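Below is one structure, written out as structure tokens; comments come after it.
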Amino acid sequence: MAELSYVHGANDVPLVGEPIFHNLRRTAARFGDRDALVVPHQDYRATYRQLVEQSEEIGRGLMSRGVKKGDRVGIWSPNRHEWVLVQYATAAIGAILVNINPAYRTSELQYALNQSGTGFLFLAAGFRTADYRAMLAEVKSSCPELKEATVLEDGWDALKRDAAKTSIDDLREREATLQFDDPINIQYTSGTTGFPKGATLTHHNILNNAFFIGETLRYTEQDRVCIPVPFYHCFGMVLGNLACTTHGSAMVIPGEAYDPVAVMETVQKERCTSLYGVPTMFIGELEHPRFREFDFSSLRTGIMAGSPCPVEVMKKVQTIMHIPEMTIAYGMTETSPVSTQCATDDPLEKRVSTVGRVHPHVEIKVIDPTTGAVMPRGMPGELCSRGYMVMLGYWNNEEATRQAIDAARWMHTGDLATMDDEGYINIVGRIKDMIIRGGENIYPREVEEFLYGHPMIADIQ
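Just so you know, we're using the working numbering here: the sequence shown kicks off at 2 and counts up by one.
Here's what the structure looks like:
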């Protein structure tokens, strides 16, 4: 009988069984004087001890403003140091952080605020050409549960002053009530149909996913991770921030949004050891006319995700960008997000033709989307994943949750994949995008690989 497309990521390293802020405290106890957060564009730098103290201060400020455990606190901002402090402050007091995409327009903002029941909103004054203050003013009367909004540029210091109204003992008392299975984060998916759905994630979901990402990349307190990907997305918030704080590594933020020169300058100046991005970001750096001005010799590892990586791009990343241990990761918001990842020593061919193997403590199977039967190795089918990392569900959307997570707690990804004899996963397309021609199934990845072979094509969307 042919071996089936099922694998379990058995691992000797146990899951982390504590809330996020407890974990941050333990990291600070070990590495208190080391850099935790470096944001050159804001001239901001904090050690782990300072990160804990400043996050506690914002948490106490929120408690003084009436934010209770389970209340939803939104943040609508590009990458700034305040975003990170809000992330850990809400984790400390048990509020549920609602990530709001900086690119949202008024209709999307209104939907996210109302669907999540956000009561307190942090927002930047604006981003690029968008005036966030004016946009919020336009929808605020239609958001009955939104009680308070604080503009980072105007109201941050007042919130810190209000921290004095809540003692550190009150904060610790709140913290003691938290359980690692409590919901702590709502991330809205960029669904292709209808309104976005709010994936509801627990401390246990995202803390463990981040920890094992850091383990895969072999992070230590010596690592400095350049994070040009957005915080509102799990790539920045989980793979970036939480993977660092579970290992004592430094979060280094090159700018509010992606800029290839800022990334390269930051890598050089801060001696970053790890760099994140989607393939188009790495292409943007490699092909920039100033690329050869910068020193990348400190780099060792990183994560590329979001779309397939052309083999020539990966070769250049490993050699002239000096990232021999670049990895590819695959996942989705609903699974915290990573389910599979390449190892730092996987062969080049595996890094460009697959998305790696199953993560620790995760189960993966490839099934016939019609019958649900597990497919033989090498045969395409729908990729499903199960384990600690599967979300609680979509916020206030039981029907969508039932469609995504079956009775056995398998998350149905909607992605078509194959599993080879060594357990490597290859994503070949989306179920809805599969082309049937002449009785044969044609997968988007096959079309992409053919087009990438043309010398005039740099990237495909």
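Heads up, the beta-carbon is just placed ideally off N, CA and C, and yes, glycines get one too.
Here the structure is a predicted model, which means the values were calculated and not measured.
By Cβ distance below 8 Å, which residues in the same chain neighbour residue i in space, the five residues on each side in sequence not counted?
i	result
Y112	F196, P197
S452	The sequence as given places Leu at residue 452; Ser does not occur at that position. For L452, where only same-chain residues beyond five positions count, the Cβ hits under 8 Å are I458, I461.
I169	E57, R61
D422	E4, R378, G379
L300	V268, C273, T274, S275, L276, M322, H323, I324
K161	E58, I59, G62
T119	R73, V74, G75, V99, A113, C144, E146, L147
If you drop the 5 nearest sequence neighbours on each side, which residues of the same chain put their C-beta closer than 7 Å to that of residue i?
i	result
G424	V8, R358, V359
I207	N186, V239, L243, S337
A164	E58, R61, G62, S65
F297	V268, M322, H323
N12	P361, H362
S191	P197
S308	V279, P280
Closest to residue i by C-alpha separation, out of the options, would be which residue?
i	options	result
D132	P103, T274, V17	P103
I461	P280, R106, H82, A211	P280
P229	I187, G256, R106	G256
S354	T246, A306, R81	A306
L16	Q404, D422, H362	H362
S143	A126, L124, G249, Q116	Q116
V356	P370, E364, T341	T341
A401	R272, V53, L122, A200	A200
T246	G303, V53, V140	V53
G241	L38, I321, L349	L38
N210	N100, G18, I324	G18
K70	L98, N397, G215	L98
S6	A408, G33, E383	E383
N100	R293, P231, V14	P231
C310	V448, S191, I329	I329
R46	V85, R134, R27	V85
P184	Y395, V448, G454, K351	Y395
L114	I76, H82, A125, R129	I76
W157	T190, D182, F123, V318	F123
Y189	F181, E335, G10, K317	E335
Y105	G430, F121, R129, H82	R129
For residue i, count neighbouring Cβ atoms within 10 angstroms of its own Cβ and tell me buried if that reaches 16, exposed if not.
i	result
K366	buried
M376	buried
H234	buried
A29	buried
G439	Unreliable placement is indicated for G439, whose pLDDT of 48 sits below 50; the coordinate value is still reported in the next sentence. Result: exposed.
P456	exposed
S275	buried
E399	exposed
M333	buried
S250	buried
A1	Past the boundaries of the shown model lies residue 1; the chain is included only from 2 to 462, so the question cannot be answered.
E364	buried
M2	exposed
DSSP three-state call for residue i: helix, strand or coil?
i	result
Q342	strand
L218	coil
N427	strand
D460	coil
C245	helix
N398	coil
A418	strand
A330	strand
P280	helix
K161	helix
Y45	strand
T320	helix
Y7	strand
F1	The structure shown does not extend to residue 1, since the chain spans only 2 to 462, so no value can be given for it.
C227	strand
F236	helix
S56	helix
M390	coil
E19	coil
D155	helix
T167	coil
I259	For the sequence presented, residue 259 should be read as Tyr rather than Ile. Three-state DSSP puts Y259 in coil, outside helix and strand.
Within its chain, find whatever has a CB closer than 6 Å to the CB of residue i; leave out the 5 residues flanking it on each side and keep chain order.
i	result
A96	V68, D72, V74
I21	A92, H204, L208
T217	Q342
F295	M265, Q269
A90	S56, I59, G60
E326	R301, T302, T345
Is residue i close to the ligand GDP? I mean its beta-carbon at under 7 Å from any heavy atom of the ligand.
i	result
T281	Among the components modelled here there is no ligand, and therefore nothing to report on the ligand GDP.
Is the region 387-396 touching the region 413-424 in the sense that three or more CB pairs, one from each, lie closer than 8 Å? No, the region 413-424 is not in contact with the region 387-396.
Under 8 Å, with one C-beta from each stretch per pair, do the region 172-183 and the region 147-160 reach the 3-pair mark? Segments in contact, no.
Stretch-stretch touch, CB-based, cutoff 8 Å, three pairs: the region 249-264 with the region 284-302: Enough Cβ pairs lie closer than 8 Å, so yes.
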